[in-house]
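S.K.: Residue numbers (our numbering): 347 to 576.
All C-beta atoms in this analysis are idealised placements derived from N, C-alpha and C, irrespective of residue type, glycine included.
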């Protein structure tokens with residue numbers, strides 16, 4: 347009898363331990379899930395803080411928007427954001443993140459808008475070399491992390507590591523926003539122009555939030571429509 351009672355008590359204790367173990371596993375999983383969510387929220391807050399800090403430094407009127415989707419076509423570099431004409435968004439409006447220029451709005455709906463990224467082969471942007479003041483046109487190549495500066499003379503003052511910024515010419519983008527860093531300057535014998543490749547400073551394939559930029563007071567609204575290659 348004593349042996350049977352001991353076996354019964356042992357079985358009850360084992361079942362209790364198993365239930366307690368399962369409960370602890372569930373609680374641990376829940377805590378891990380909450381921790382991951384808190385970590386994601388902290389990262390999002392950090393991104394938003396950097397976005398707002400960059401806008402305050404620039405002194406332009408801005409609006410934070412969230413990225414909703416990307417164009418699945420590999421040859422088309424476009425994103426969809428959650429702000430539209432109801433929020434005052436307009437075609438041609440600059441789109442930036444905390445690290446630099448991302449592109450510009452090409453289509454506006456009431457609640458959402460589509461922006462073309464600077465790496466799209468149809469996109470072009472007036473820029474200048476921050477160090478030397480050399481002006482050029484930065485065009486997309488269709489590759490995620492590469493843009494190209496067109497018609498740069500072989501004797502131009504430009505070199506690897508130079509920061510490329512918006513020049514403000516054309517009135518579409520305010521002057522001084524970071525665009526890209528020069529990664530390669532190729533000079534072929536007998537050619538009048540160098541091949542200059544640069545990597546965008548913006549996190550084009552990673553940013554979840556962007557800034558829509560309005561011109562400063564008195565500069566007027568940019569021309570409607572994207573600045574594109576002819």
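If we call anything under 8 Å between Cβ atoms a contact, is residue 426 one with residue 451?
M.R.: In the chain shown, counting from the first residue as 1, residue 426 sits at position 80. In the chain shown, counting from the first residue as 1, residue 451 sits at position 105. Not closer than 8 Å, so no.
S.K.: What residue range is occupied by the uninterrupted beta strand (DSSP E) comprising residue 483?
M.R.: For the purposes of this step, residue 483 is taken as the residue at position 137 of the chain shown. Looking at the DSSP string, the run of the beta strand (DSSP E) that includes residue 483 is 481-486.
S.K.: Where does residue 569 sit, in a helix, a strand or coil, going by DSSP?
M.R.: By one-based count along the chain shown, residue 569 stands at place 223. Annotation note: pLDDT 38 at residue 569 (below 50); position unreliable, no value reported.
S.K.: With distances taken Cα to Cα, identify the nearest neighbour of residue 428 among 419, 439, 415 and 421.
M.R.: Here residue 428 refers to the residue found at position 82 when the chain shown is read from its first residue. When only C-alpha atoms are compared, the closest one is 415.
S.K.: Quick check on residue 450: does DSSP put it in helix, strand or coil?
M.R.: Stepping through the chain shown from its first residue, residue 450 is reached at position 104. Residue state, collapsed to three classes: strand.
S.K.: Is it a yes or a no for the stretch 436-444 touching the stretch 482-501, going by three-plus beta-carbon pairs under 8 Å?
M.R.: Cβ pair count under 8 Å is below three, so no.
S.K.: In whole angstroms, give me the CA-to-CA distance for residue 509 and residue 376.
M.R.: Looking up residue 509 in the chain shown gives position 163. Looking up residue 376 in the chain shown gives position 30. Cα to Cα, residue 509 sits roughly 46 Å from residue 376.
S.K.: Any idea what DSSP makes of residue 459, helix, strand or coil?
M.R.: As a working mapping, residue 459 is identified with position 113 in the chain shown. In this structure, residue 459 counts as strand in the three-state DSSP scheme.
S.K.: When burial is assigned at 16 or more other CB atoms within 10 Å of the CB, is residue 494 buried or exposed?
M.R.: Counting from 1 along the chain shown, the entry for residue 494 is found at position 148. So residue 494 counts as buried.
S.K.: Measure the C-alpha to C-alpha separation of residue 477 and residue 432 and round it to an integer number of angstroms.
M.R.: Looking up residue 477 in the chain shown gives position 131. Looking up residue 432 in the chain shown gives position 86. In a straight line, the C-alpha of residue 477 is about 40 Å away from that of residue 432.
S.K.: Does residue 518 pass the burial test, meaning 16 or more other C-beta atoms within 10 Å, or should it be called exposed?
M.R.: Counting from one through the chain shown, the residue named residue 518 turns up at place 172. That one is buried.
S.K.: Looking at the structure shown, is residue 362 part of a helix, part of a strand, or coil, going by DSSP?
M.R.: The residue you call residue 362 lines up with position 16 of the chain shown. Residue 362: helix per DSSP, three-state reduction.
S.K.: Under 6 Å Cβ to Cβ from residue 551, same chain only, skipping five residues before and after it: list those, please.
M.R.: As a working mapping, residue 551 is identified with position 205 in the chain shown. Once the five neighbours on either side are set aside, the close Cβ partners of residue 551 are 490.
S.K.: What is the residue span of the beta strand (DSSP E) that residue 407 lies within?
M.R.: Residue mapping note: residue 407 aligns to position 61 of the chain shown, counting from 1. Here the beta strand (DSSP E) through residue 407 covers 407-416.
S.K.: What does DSSP give as the partner residues of residue 532 in its beta bridges?
M.R.: Taking the first residue of the chain shown as position 1, residue 532 is located at position 186. Answer by DSSP bridge pairing, in chain order: 541.
S.K.: Three or more C-beta pairs closer than 8 Å, one from the stretch 496-514 and one from the stretch 462-477: is that the case here?
M.R.: The stretch 496-514 vs the stretch 462-477: in contact.
S.K.: Which word fits residue 356, buried or exposed, when buried means at least 16 other C-beta atoms lie within 10 angstroms of its C-beta?
M.R.: Counted from its first residue, the chain shown places residue 356 at position 10. Burial call: exposed.
S.K.: Is residue 464 near residue 520, with beta carbons less than 8 Å apart?
M.R.: The count along the chain shown starts at 1 and reaches residue 464 at position 118. The count along the chain shown starts at 1 and reaches residue 520 at position 174. Not a contact, by the Cβ cut-off of 8 Å.
S.K.: Pick out whichever of 449, 413 and 543 has its Cα sitting closest to the Cα of residue 559.
M.R.: Locating residue 559 in the chain shown gives position 213, where the first residue counts as 1. For residue 559, the nearest C-alpha among the options comes from 449.
S.K.: If we call anything under 8 Å between Cβ atoms a contact, is residue 556 one with residue 475?
M.R.: Counting from 1 along the chain shown, the entry for residue 556 is found at position 210. Counting from 1 along the chain shown, the entry for residue 475 is found at position 129. Going by C-beta atoms, residue 556 is not nearer than 8 Å to residue 475.
S.K.: Take residue 526 and list the residues in its own chain whose beta-carbon comes closer than 7 Å to its own, dropping the five residues that flank it on each side.
M.R.: Within the chain shown, residue 526 is the residue found at index 180, counting from 1. Only 484, 493, 510, 544, 545, 546 and 547 meet the Cβ criterion.
S.K.: Return the CA-CA distance between residue 505 and residue 458, expressed in angstroms with no decimal places.
M.R.: Residue 505 sits at position 159 when you count from the first residue of the chain shown. Residue 458 sits at position 112 when you count from the first residue of the chain shown. Each residue's Cα considered, the two are about 39 Å apart.
S.K.: For a test of the three-state rule: what should DSSP assign to residue 506, helix, strand or coil?
M.R.: Locating residue 506 in the chain shown gives position 160, where the first residue counts as 1. Coil at residue 506, not helix or strand.
S.K.: Please classify residue 572: is it buried, with 16 or more other beta-carbons within 10 angstroms of its beta-carbon, or exposed?
M.R.: Here residue 572 is taken as the residue at index 226 of the chain shown, counted from 1. Model confidence at residue 572 stands at a pLDDT of 40, short of 50, so the residue's coordinates are unreliable; what they give is reported in the following sentence. Result: buried.
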